[in-house]
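This note's numbering puts the sequence shown at residues 358 to 528. A short worksheet on the structure shown next.
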Amino acid sequence: MRRGIGRRYSDPVALVEASVLGVAGAIVALTGPWPWLAVPAGPLIALVVLVIATWRRRVPKPLAPERNIPAQVRRWSNLLADDDPARAQADEAVQLMDRIEELTLQCKRAITHADGSAQGPATDRLGEITEYVTKSVETYSAPVRASEWSALATRLDRAHKWLEEELEALR
358 MRRGIGRRYS
368 DPVALVEASV
378 LGVAGAIVAL
388 TGPWPWLAVP
398 AGPLIALVVL
408 VIATWRRRVP
418 KPLAPERNIP
428 AQVRRWSNLL
438 ADDDPARAQA
448 DEAVQLMDRI
458 EELTLQCKRA
468 ITHADGSAQG
478 PATDRLGEIT
488 EYVTKSVETY
498 SAPVRASEWS
508 ALATRLDRAH
518 KWLEEELEAL
528 R
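Dropping the structure here:
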């Protein structure tokens, strides 16, 4: 407990603020109609300023770093041994993820060249597909078993087909 209090009140700026305002408060009290008030007013003002200056403020929660989903799937795949039964499904998921990444870029390029009325719905649809891929990867966080990799590959295959359809619709 003492360490926390010591750290809290060791801020040099807060100490200087509290000292200056405490002395100023004592001087003002001495020159005012009640000079006896200078004795308690100076330290009291210094204490209040010190507490306010060192009050712990709520710091907003830091934003989660933007994740690179394809790299994450590759990293999980690299954790598997070559003779692991899940290796085939993991390789398939990595290939699908790479293809999804390519199709997403192609869709973004196609959206920029599409006419104005088609851009809004296509952008929304691309966002939905990207969100689906992200949630799918988050659902199967660091898959180990072949069944988990297979389920992830199935979801990625579904997203891959949706992206191909979206790209065809944009052309």
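Where is the CB? At the ideal position from N, CA and C, for every residue including glycine.
Looking only at Pro392, Ser434, Gly399, Ile402, the smallest Cα-Cα distance to Leu509 is reached by Ser434.
Gln452 sits away from Ala503, with the two beta carbons spaced by 8 Å or more.
Rounded to whole angstroms, Val490 and Leu513 show a C-alpha spacing of 7 Å. Going by beta carbons, Ala398 and Gly382 fall inside the 8 Å limit. In the three-state reduction of the DSSP assignment, Trp412 falls in the coil class, being assigned neither a helical nor a strand state. With contact defined as three or more Cβ pairs closer than 8 Å, the segment 521-528 and the segment 468-488 are in contact. In this chain, the alpha helix (DSSP H) harbouring Leu462 covers 444-470.
According to the DSSP assignment, Ser507 belongs to the alpha helix (DSSP H) that extends over 503-527. Within the same chain, Ala403, Val406, Leu407 come within 6 Å of Ala375 by CB-CB distance, once the 5 residues on both sides are set aside.
The beta carbon of Ser493 sits closer than 6 Å to those of Arg512, all from its chain and outside the five residues before and after it, given in chain order.
The DSSP-derived three-state label of Arg424 is coil. Taking 8 Å as the upper bound for CB-CB distance, Ile468 and Ala516 are not in contact here, some 17 Å apart. Counting every other CB atom within 10 Å of its CB across the protein chains shown gives Ala438 a total below 16, marking it as exposed.
Bounds of the alpha helix (DSSP H) holding Tyr489 are 473-496.
Contact check for Ile457 and Leu520: beta-carbon distance about 6 Å, within the 8 Å limit, so the pair qualifies. Ranked by Cα distance from Arg413, the options Asp368, Val373, Pro400, Ala395 are led by Asp368. Counting of Cβ neighbours within 10 angstroms places Ala428 among the exposed residues, the total staying below 16.
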